[in-house]
Amino acid sequence: MLLNAIIVVLLVLESVTVTVAQSFNVTTPVFWQNTTITTPVTARIKTAEIAFQPIFDNLVNQTSNSVEFKDNPLEFSMPGTFFWELALFDYLTNQTTYRDKVQSYFASVAKDNPDFTDLYIDTALVYGYAAMQAHRAYGDSLYLQYAENSWAFGWNWTIKSADVQAGSFPGMNWTIPPQCSFGTIAGGTFWQAQGLGNTYINALATGAFFVLSALLAEATSNQTYMEAAQSTFTFFTSVLISDGIVRDGIPGNSCGQGGNAYPYNSGLVMEGMAILNSLQPLSNVYSLYNIISAATNATMFWQPESAHRIIVSDAGPSAYGHPTGGGDIHLIRGIMAVHTRTVDPLLQNYTASYLAIQVQ
Ligand SMILES: *[C@@H]1O[C@H](CO)[C@@H](O)[C@H](O)[C@H]1NC(C)=O
Ligand SMILES: *[C@@H]1O[C@H](CO)[C@@H](O)[C@H](O)[C@H]1NC(C)=O
Ligand SMILES: *[C@@H]1O[C@H](CO)[C@@H](O)[C@H](O)[C@H]1NC(C)=O
Ligand SMILES: *[C@@H]1O[C@H](CO)[C@@H](O)[C@H](O)[C@H]1NC(C)=O
Ligand SMILES: *[C@@H]1O[C@H](CO)[C@@H](O)[C@H](O)[C@H]1NC(C)=O
Ligand SMILES: *[C@@H]1O[C@H](CO)[C@@H](O)[C@H](O)[C@H]1NC(C)=O
Ligand SMILES: *[C@@H]1O[C@H](CO)[C@@H](O)[C@H](O)[C@H]1NC(C)=O
Ligand SMILES: *[C@@H]1O[C@H](CO)[C@@H](O)[C@H](O)[C@H]1NC(C)=O
Ligand SMILES: *[C@@H]1O[C@H](CO)[C@@H](O)[C@H](O)[C@H]1NC(C)=O
């Protein structure tokens, strides 16, 4: 699916909302080329509409309990991803073109799965994110309810301080270390929703929960969501981030740090931090800048010369933006959130330039 393309086409339309006190000081690498989008907005909107069409054509099943695509019928994250892209398109273009479709798709899934649960927490939380996008686009309070249901599922699989104190997580058979050199694992979200030997806590699930908590804090002013967002953020900064690199995850029963770095991990952390920073300025906004610099660093990681600096994920084949492991939509989401939620001119130039390259 042409997911990345659609979003990149749209991003430059969104407006800017919040100020940062400290400035970004990394200049765009000299070898970034064609860093401005020259296509007019109307043409970009048309391109996005055309890109949606094959996805509609690919939709084979909208039954009372599912929305499925023929190219990947079992991948629960795909419909949710499509919902938020439709809603975001409408939001950015000030239209309600897809309003009824989004509503009926959501209703199909919610009918049998009102909390949008799945074995993989990050996949499940795509629906909470999509609901927040739909809520912003259409203002319907039903979407806030969907998002809160989705959040409750993520919360159930997130480690609380009380779990660390108790030394165990409900339903699991291993011991949570009371203290590691980096602090505690409170605030981490499990990769999978299952009991007993389930130990892996990862950036993808924690990041999805971070973003959803921050969006709900923004939309509802309910302190519960703000506290959840801050707790996941603390987990990231103490456990998974070093030198701007976001590691994949840790087994909760050890104090090990690490895992590989993938673009979706950096993307989700960036998005959550950009939202959090716009609600309550981060004490050290350079921690966000470091992640941006590292994730977009053209000389390492994901934007190789051979691909003309366009994202090529080093993750294996996955649903996270590309069925065979190509681009990564989470990184685009993260850079977009930074772009639209800050007004630092150098940072905006940097994010706009990076995104423009992705449209080439
Ligand atoms: C930049 O744009 C020029 C002119 O359109 C084109 O010839 C060139 O291939 C582009 N470079 C990259 C890296 O896409
Ligand atoms: C459509 O969904 C129904 C009900 O879940 C299922 O029985 C059927 O196999 C699905 N059809 C396709 C083509 O996926
Ligand atoms: C949508 O509305 C906003 C606010 O009025 C405006 O800034 C923006 O340019 C509009 N977008 C489009 C694509 O018309
Ligand atoms: C969360 O956990 C509680 C307690 O086990 C359970 O009653 C509730 O149904 C769960 N909610 C979701 C959305 O999974
Ligand atoms: C926990 O349960 C899993 C699955 O039954 C098992 O493989 C594992 O050895 C158990 N771990 C402990 C610490 O008891
Ligand atoms: C805030 O959100 C939590 C979690 O969804 C909920 O339990 C609580 O009732 C909410 N508080 C208010 C005042 O709405
Ligand atoms: C530039 O930013 C880095 C962090 O990204 C910070 O450590 C450094 O102090 C900044 N330099 C100046 C001159 O502001
Ligand atoms: C990008 O990576 C190169 C090679 O590791 C490093 O020398 C450079 O400092 C990095 N730049 C940024 C902005 O992180
Ligand atoms: C970023 O700044 C450079 C230098 O001022 C300028 O040439 C370029 O057009 C700017 N790019 C964007 C996307 O604003």
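Numbering (mature numbering (1 follows the signal peptide of the UniProt record, and there is no 0)), first residue to last: -21 to -1, 1 to 339.
Idealized CB from N, CA, C, for every residue including glycine.
Remember, it's a predicted structure, so these values are computed and weren't measured experimentally.
Contacting residues, own chain, Cβ-Cβ under 6 angstroms from residue i (five flanking each side not counted)
| i | result |
| --- | --- |
| E250 | V190, R312, G313, A316 |
| D101 | L183, A184, A187 |
| S245 | V225, I270, A274 |
| L267 | M252 |
| T203 | none |
For residue i, the three-state DSSP class (helix, strand or coil)
| i | result |
| --- | --- |
| L38 | strand |
| E47 | strand |
| V218 | helix |
| Q171 | strand |
| Y265 | helix |
| P230 | strand |
| A240 | strand |
| L330 | One detail in the question is off: residue 330 reads as Thr in this sequence, not Leu. In the structure shown, T330 sits in a helix (DSSP, three-state: H, G or I). |
| I180 | strand |
| Y106 | helix |
| T137 | strand |
| Y99 | strand |
| D94 | coil |
| W281 | coil |
| T75 | coil |
| Q82 | helix |
| F3 | coil |
| V(-14) | Confidence is the limiting factor: at V(-14) the pLDDT is only 48, short of 50, which leaves the residue's position unreliable and the question unanswerable from this model. |
| N128 | helix |
| E54 | coil |
| V317 | helix |
| I311 | helix |
CA-to-CA distance, residue j to residue i, given in whole angstroms
| i | j | result |
| --- | --- | --- |
| N256 | N263 | 10 angstroms |
| Q32 | F68 | 13 angstroms |
| L219 | A198 | 27 angstroms |
| S83 | Q74 | 17 angstroms |
| V9 | T319 | 24 angstroms |
| Y106 | G231 | 26 angstroms |
| E64 | I289 | 20 angstroms |
| V322 | L261 | 15 angstroms |
| I271 | Q12 | 19 angstroms |
| D119 | A113 | 8 angstroms |
| N276 | D91 | 43 angstroms |
| A240 | Y333 | 19 angstroms |
| Y329 | D94 | 38 angstroms |
| A193 | A89 | 23 angstroms |
| N269 | G223 | 5 angstroms |
| F85 | A109 | 9 angstroms |
| N177 | W170 | 9 angstroms |
| P58 | T216 | 31 angstroms |
| G300 | F61 | For G300, the pLDDT reaches just 47, beneath the cut-off of 50, and the residue's location in the model is therefore unreliable, leaving the point undetermined. |
| S56 | V81 | 15 angstroms |
| S210 | G166 | 5 angstroms |
| L247 | H309 | 6 angstroms |
| S200 | T7 | 36 angstroms |
| N37 | V46 | 11 angstroms |
| A207 | M111 | 17 angstroms |
| W281 | Y243 | 11 angstroms |
| T26 | T168 | 37 angstroms |
| Y70 | R78 | 10 angstroms |
| L325 | A253 | 16 angstroms |
| A335 | P149 | 46 angstroms |
| W136 | Q124 | 19 angstroms |
| T18 | A196 | 36 angstroms |
Other residues of its chain near residue i: CB distance less than 7 angstroms, five sequence neighbours each side excluded
| i | result |
| --- | --- |
| S147 | T154, I155 |
| T104 | A small correction: the amino acid at residue 104 is Leu; Thr does not occupy that position in the sequence shown. Excluding positions up to five away in sequence, the list reads S129, G133, A187, F188, L191. |
| Y265 | Q1 |
| M151 | G174, L175, N177 |
| I24 | T72 |
| N49 | A quick correction: the sequence has Lys, not Asn, at residue 49. Same-chain partners within the cutoff: N37, V39. |
| T15 | A335 |
Beta-bridge partners of residue i, as assigned by DSSP
| i | result |
| --- | --- |
| G162 | C159 |
| V225 | I220 |
| M151 | L175 |
Own chain partners of residue i with C-beta closer than 8 angstroms, once the 5 adjacent residues on each side are dropped
| i | result |
| --- | --- |
| I164 | I138, V143, I155, P156, I180, F214, V218, I229, G231 |
| T96 | A103, F132, A172 |
Test: residue i CB closer than 7 angstroms to a CB of chain D
| i | result |
| --- | --- |
| D69 | This model lacks chain D altogether; it includes just one protein chain. |
Quick check: the segment 222 to 240 against the segment 152 to 171, are there 3 or more CB pairs under 8 angstroms?
Yes: the two stretches touch, three or more of their Cβ pairs being nearer than 8 angstroms.
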